[in-house]
Amino acid sequence: MAVKYGREKIGEGIHYTTLINKRQKTNTMFIHLITPLSQDSVSGNAVIPYVLSNSSSSYTTVTALSRRLALLYGSVIKGSVAKIGDSQVMSLVSGCINDRYAFDREPITSELTEILTNCFISPYVENNEFYKKDFDLKKQELSDDIEAEINEKRSYSFKRAGLVIYEGEPCAIPVKGDLEAVAKITARSAYEQYKELLKTAQIEAYFVGGAECPQSKEVLTAALTGLERDYAGDNISEKSPAKQELRRVVEQHEVSQSKMLLGFKTDFSDSITLRLMNAVFGGTPFSKLFLNVRERLSLCYYCSSGLNDKKGVVYVDSGVDFQNAAKAEEEILNQLSAVQSGNFTTEELENARLSVINTWRGVSDGARSLADWYFQRNYSGGNESPEECIEMLRLVTKEDVVEAAKSLKLDTAYLLTGKENT
Amino acid sequence: MNKKIIRNERTGEHYTHIKHSSGLDIYIWRMEDYSTTHALFGAKYGSINTTFKTKDDSDFITVPNGIAHFLEHKLFENEDCDVFSLFAKTGASPNAYTSFDRTCYLFNCTDNVPESLEILLGFVQSPYFTDESVQKEQGIIGQEIKMYEDNAQWRVFFNMLGGVYHNHPVKIDLAGTVETIAEIDADLLYKCYKTFYNLNNMALSIAGNVDEESVIAVCDKILKPGESIELESAFPDEPLTVAQSEATQKLEIAVPIFNIGFKAQPQSGISAIRAEIETNFALSLISDESSDFYKTLYDEGLINSSFSSEVFWGDGYFCSIFGGESRNPKLVSDRIKEEIERSKKDGLDKERFEAIKKSYYGSLIRDLNDAEAIATLMINTGLDGLNAFDIIETVAAVTLEDVMKRLETQFDINNVTISIIEPIGKRED
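Which chain is which? The protein sequence lines are B and W, in order.
Position one of the first sequence corresponds to residue 1 (the working numbering), numbered consecutively onward.
Position one of the second sequence corresponds to residue 1 (the working numbering), numbered consecutively onward.
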């Protein structure tokens with residue numbers, strides 16, 4: 001096999017995973033802190049990766065840190081926050097070119113690991129809080145980010161629909177929180193939350209590279225095993241329950257094109273079959289939704305479906321003219337009925353299967369896609385390789401796909417539309 | 001058929017350039033052990049090529065804006081079926097894009113490369129347009145244009161270009177406008193197709209898990225030789241100064257966003273690559289995250305981490321752009337101009353120049369991991385008559401003196417357009 005996968009438990013709730021693939025010309029490291037989403041901690045947690053990737057005790061300004069990274073051939077350290085199921089994931093990612101490409105073969109990777117580790121466990125702290133001046137700027141940026149979400153209407157409609165689809169569940173909480181929650185955090189409170197996360201959160205570290213780098217591993221694992229721990233336990237996500245009645249929400253904004261999101265709930269447990277069902281239904285440019293709703297009837301500019309397998313939710317995302325929204329919804333549901341009643345050809349099924357295989361085969365070519373593949377599986381306690389999943393996918397029958405489609409129940413219909421359309 | 005191996009000592013990499021008997025340039029970069037293959041079949045034809053002539057035309061003709069993009073959409077439809085459904089059988093994932101000066105059709109796949117390539121070369125060479133299908137497409141593209149009307153990043157950029165350029169078609173939205181696409185009909189599409197989709201004006205670029213022999217076999221079978229038609233594009237006269245120094249619009253956004261464009265003399269060929277790279281060095285030295293200038297503005301809360309800069313150039317245009325979010329974009333613009341003047345006077349930091357060079361080089365090495373990035377690099381350089389390693393070698397050879405000279409020539413602080421998108425203001429409920 002092309003990719004060598006190794007996973008070690010190095011502490012309570014701490015794992016170090018290596019993915020070695022000799023074709024990689026770069027080395028990439030990820031450190032994830034994973035914790036349950038909660039209204040009280042969400043914004044304080046969200047700001048942490050941005051503070052950590054900005055400076056550290058050794059490089060106390062963003063300027064000093066950037067200059068050091070530039071000298072390491074434009075190495076990067078980035079912070080981000082994301083959602084997986086009902087959990088919030090605070091991440092640092094760093095990447096560099098392999099040492100063999102350096103002008104003088106300098107040991108880029110191990111030096112970068114030291115800087116990354118320094119950022120992760122030793123932030124720039126003054127008076128027992130994050131250095132206030134920089135922290136306040138990051139806090140301002142976090143609220144700017146939240147405010148700016150409205151600029152991009154497609155992702156904004158996802159966020160707004162999510163509030164309704166996952167109502168009452170941790171997953172409904174926006175990953176950066178809201179303006180009110182951000183306003184409450186301080187350099188002190190966020191620092192306290194950071195220390196708490198180091199103690200209690202699930203920690204997953206990944207190294208993706210062309211070859212093992214023992215020095216890098218030693219530096220990072222020494223830092224992680226040295227943490228004082230009081231582990232809160234592995235994260236779990238519950239499947240999202242279907243509402244008793246379909247919920248409709250319409251929001252009005254200054255837009256010329258409407259966005260429509262439909263959320264379906266499923267308790268179907270086999271995510272590989274769901275993935276294939278999604279490809280037949282709306283996951284490809286030759287799926288039911290694309291060929292019928294967009295191409296044949298020209299009802300939408302885009303119309304595709306996706307899957308949140310951790311939560312058991314299939315969603316359909318579309319951009320429509322307001323006067324076509326009802327017709328588009330009807331047609332989307334017609335197409336779902338077609339899949340539910342087995343009204344698709346062997347060719348449609350095999351094409352969909354081939355498309356998923358094509359995507360999964362390509363996973364190992366990219367550092368990010370590879371690390372994310374295993375992170376998604378490690379989170380649910382699995383570690384299947386793309387090749388193993390492809391083998392399972394080959395066994396899925398038409399009847400299985402029909403069963404999976406039948407489990408879908410329309411739960412939420414969200415429409416973002418222009419002000420003049422009422 | 002003429003075959004040449006292009007090697008680069010610095011990276012130890014190589015690729016093959018084949019001049020096919022049909023007139024097409026073919027670039028193949030084999031990536032050992034990769035699963036993915038990325039293929040691009042493209043023409044040197046984009047939204048700016050609206051005025052042109054061939055040896056069959058007595059004079060230049062001008063066609064409606066947005067036609068290159070329209071043509072791209074229409075080629076995805078064969079006479080008897082949708083192109084997506086052909087690729088569905090090979091498992092490849094197809095796509096296409098139109099830029100200011102390129103139209104490219106592409107697929108990526110992990111299996112069945114020759115079969116997918118046959119489909120790619122086949123459909124791009126089989127135009128089929130009727131007035132009915134053109135009409136249907138006018139509806140679809142009309143929706144696409146509408147979607148971009150709501151997109152603040154897109155608007156701020158085109159409003160800036162509209163301020164920088166008086167006449168050059170780069171200032172027009174890639175997709176045209178609802179009015180210009182209404183003028184398009186099947187005859188016009190055929191005219192543009194025959195002019196620009198000539199194999200002498202095109203290239204094929206493939207990177208990844210690919211076998212050279214099988215690529216050539218498919219090309220031999222499918223390619224229809226084209227004779228050279230002596231294609232010329234013309235652009236309206238463009239004054240050196242900007243058309244207007246300010247452009248503002250209101251949209252439903254949170255914090256104002258801005259683009260600041262510095263207009264400069266256009267370049268072409270390898271001298272454009274040098275100008276781009278040296279100007280990029282200048283931009284990094286002045287204002288990247290490791291600069292004192294960035295830190296000062298950041299600490300004052302004038303910019304946030306969305307602040308960035310880029311070089312934007314092509315046939316007949318060249319400008320340097322700063323962009324981001326700010327509550328006071330005009331002050332940001334004033335400060336940038338001051339910093340440029342200060343740098344011209346005091347010089348640029350030698351030590352940071354060396355670090356930026358390593359950083360630039362590192363980013364180019366990182367791209368070599370990725371089949372898509374490599375295929376795109378080969379077709380972009382190839383269609384301009386350049387070698388894919390020209391960029392990495394130019395970066396390695398740049399000196400601080402080169403960058404200082406570039407600072408003088410590319411940044412005239414009196415020849416600038418600032419484009420701002422302001423929030424509409426709180427909604428009245």
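Yeah, the Cβ is synthetic: ideal placement off N, Cα and C, and Gly gets one too.
Practice item. Confirm, please, whether the CB-CB distance from A190 (chain B) to F135 (chain B) is below 9 Å. Key: Taking 9 Å as the Cβ cut-off, F135 (chain B) and A190 (chain B) qualify as a contacting pair.
Exercise for review: Give the straight-line distance between the Cα atoms of D429 (chain W) and K243 (chain B), rounded to the nearest whole angstrom.
Suggested key: Reliability of the predicted coordinates at D429 (chain W) is poor, the pLDDT of 36 falling under 50, and the value obtained from them is presented with this limitation in mind. Approximately 29 Å, taken between the alpha carbons.
Review point. How many Å lie between E348 (chain B) and V83 (chain W) at the Cα?
Key: Rounded to the nearest whole angstrom, the C-alpha separation of E348 (chain B) and V83 (chain W) is 15 Å.
Review point. So, is the C-beta of W29 (chain W) closer than 9 Å to a C-beta in chain B?
Key: Output row for W29 (chain W): interface = no.
Review point. According to DSSP, which residues form a beta bridge with R7 (chain B)?
Key: According to DSSP, R7 (chain B) shares a beta bridge with B:T17.
Exercise for review: Pull up the DSSP beta-bridge partners for L262 (chain B), would you.
Suggested key: B:V316, B:A413, per the DSSP bridge assignment.
Exercise for review: Counting only the same chain and skipping the five closest in sequence on each side, list residues whose C-beta sits under 6 Å from that of G246 (chain B).
Suggested key: Before going on, a small fix: residue 246 (chain B) reads as Leu here, not Gly. In its chain, beyond the 5 residues on either side, L410 have a beta carbon closer than 6 Å to the beta carbon of L246 (chain B).
Point to revise | Inter-residue CB distance, I277 (chain W) and T381 (chain W) (contact presumed, cutoff 8 Å) | key: Not confirmed; about 13 Å, so no contact.
**Study point:** Bridge partners - L204 (chain W), DSSP secondary structure assignment
**Key:** Looking at the DSSP assignment, L204 (chain W) forms a beta bridge with W:I26, W:F41.
Exercise for review: Take P114 (chain W) and list the residues in its own chain whose beta-carbon comes closer than 6 Å to its own, dropping the five residues that flank it on each side.
Suggested key: Here the set comprises S214, V218.
Point to revise | Cutoff 8 Å; reference F87 (chain W); Cβ partners in own chain excluding five residues on either side | key: Around F87 (chain W), the same chain offers S93, P94, F107, S116, I119 as residues with beta carbons nearer than 8 Å, after the five sequence neighbours per side are excluded.
Exercise for review: Scan the region 236-262 of chain W and note each continuous alpha helix (DSSP H) run of 4 residues or more that stays entirely inside, going in chain order.
Suggested key: Listed in chain order, the alpha helix (DSSP H) runs fully inside the region 236-262 of chain W amount to none, counting runs of at least 4 residues.
Exercise for review: Using a Cβ-Cβ cut-off of 9 Å, state whether T412 (chain B) counts as contacting chain W.
Suggested key: With 9 Å as the cut-off, T412 (chain B) does not count as an interface residue toward chain W.
Review point. Cβ of K358 (chain W) within 9 Å of Cβ of L262 (chain B)?
Key: Judged by their CB atoms, K358 (chain W) and L262 (chain B) are not nearer to each other than the 9 Å cut-off.
Exercise for review: Would you tell me roughly how many angstroms separate the C-alpha atoms of F196 (chain W) and S22 (chain W), rounded to the nearest one?
Suggested key: Taking the straight line joining both Cα atoms gives about 15 Å.
Check your understanding: How about D220 (chain W) and R30 (chain W): do their beta carbons lie closer than 9 Å?
Key -> Cβ distance not < 9 Å, so D220 (chain W) and R30 (chain W) don't count as in contact.
Point to revise | Buried or exposed by the 16-neighbour rule on C-beta atoms within 10 Å, applied to N127 (chain B) | key: Its Cβ having fewer than 16 others within 10 Å, N127 (chain B) is exposed.
Exercise for review: Taking a Cβ distance cut-off of 7 Å, strictly less, list which residues of the region 300-319 of chain B are near chain W, in chain order.
Suggested key: Here the close residues are Y301, G319.
Practice item. Compare the Cα-Cα distances from V313 (chain B) to each of B:L408, B:Q257, B:Q215 and report the closest residue. Key: Ranking the options by Cα distance to V313 (chain B), first place goes to B:L408.
Point to revise | Local Cβ density within 10 Å of P256 (chain W), reported as buried at 16 or more and exposed below that | key: Buried is the call here.
**Study point:** Whole-angstrom distance between E8 (chain B) and N151 (chain W), CA atom to CA atom
**Key:** Roughly 46 Å separates the two Cα atoms.
Check your understanding: chain W beta carbons: is any one of them nearer than 9 Å to that of I20 (chain B)?
Key -> Output row for I20 (chain B): interface = no.
Check your understanding: the region 26-48 of chain B: which residues have C-beta closer than 8 Å to a C-beta of chain W, in chain order?
Key -> Flagged, chain order: T26.
Review point. Which residues share a DSSP beta bridge with W313 (chain W)?
Key: Answer by DSSP bridge pairing, in chain order: W:F318.
Practice item. Give a yes or no on whether the C-beta atoms belonging to P169 (chain W) and S268 (chain W) are separated by under 9 Å. Key: For P169 (chain W) and S268 (chain W), no; Cβs fall outside 9 Å.
**Study point:** Pairwise C-alpha distance: R294 (chain B) and G208 (chain W)
**Key:** One C-alpha to the other measures close to 32 Å.
Check your understanding: Taking only runs of the alpha helix (DSSP H) that begin and end inside the region 345-413 of chain W, which ones reach a length of at least 4 residues, in chain order?
Key -> Taken in chain order, the complete alpha helix (DSSP H) segments of 4 residues or longer contained in the region 345-413 of chain W are 350-367, 371-383, 390-397, 400-410.
**Study point:** Chain-ordered chain W contacts of T63 (chain B) [CB-CB under 8 Å]
**Key:** Those are E289, S290, S291, D292, Y294, K295, listed as they occur along chain W.
Practice item. Pull up the DSSP beta-bridge partners for R247 (chain B), would you. Key: As computed with DSSP, R247 (chain B) is found in a beta bridge with B:T412.
**Study point:** Complete beta strand (DSSP E) runs within the region 73-141 of chain B (minimum length 3 residues, chain order)
**Key:** Within the region 73-141 of chain B, the complete beta strand (DSSP E) segments at least 3 residues long are 76-84, 87-97, listed from N- to C-terminus.
Point to revise | Inter-residue Cα distance where the pair is L383 (chain W) and A187 (chain B) | key: Rounded to whole angstroms, L383 (chain W) to A187 (chain B) spans 53 Å at the Cα level.
Check your understanding: When burial is assigned at 16 or more other CB atoms within 10 Å of the CB, is C81 (chain W) buried or exposed?
Key -> With fewer than 16 Cβ atoms within 10 Å of its Cβ, C81 (chain W) is classed as exposed.
**Study point:** Contact belief for V164 (chain B) with V62 (chain B) at Cβ below 8 Å, rounded distance in angstroms
**Key:** 38 Å between Cβ atoms; not a contact.
Review point. With burial defined as no fewer than 16 other Cβ atoms inside 10 Å of the residue's Cβ, what is the status of L179 (chain B): buried or exposed?
Key: Flag for L179 (chain B) reads exposed.
Exercise for review: Show which residues of chain W have a CB atom less than 8 Å away from the CB atom of Y131 (chain B).
Suggested key: Residues of chain W passing the Cβ test: none, with the nearest at roughly 12 Å.
Review point. Got a sec, what are the start and stop residues for the alpha helix (DSSP H) G162 (chain W) sits in?
Key: Counting along the chain, the unbroken alpha helix (DSSP H) around G162 (chain W) starts and ends at 152-164.
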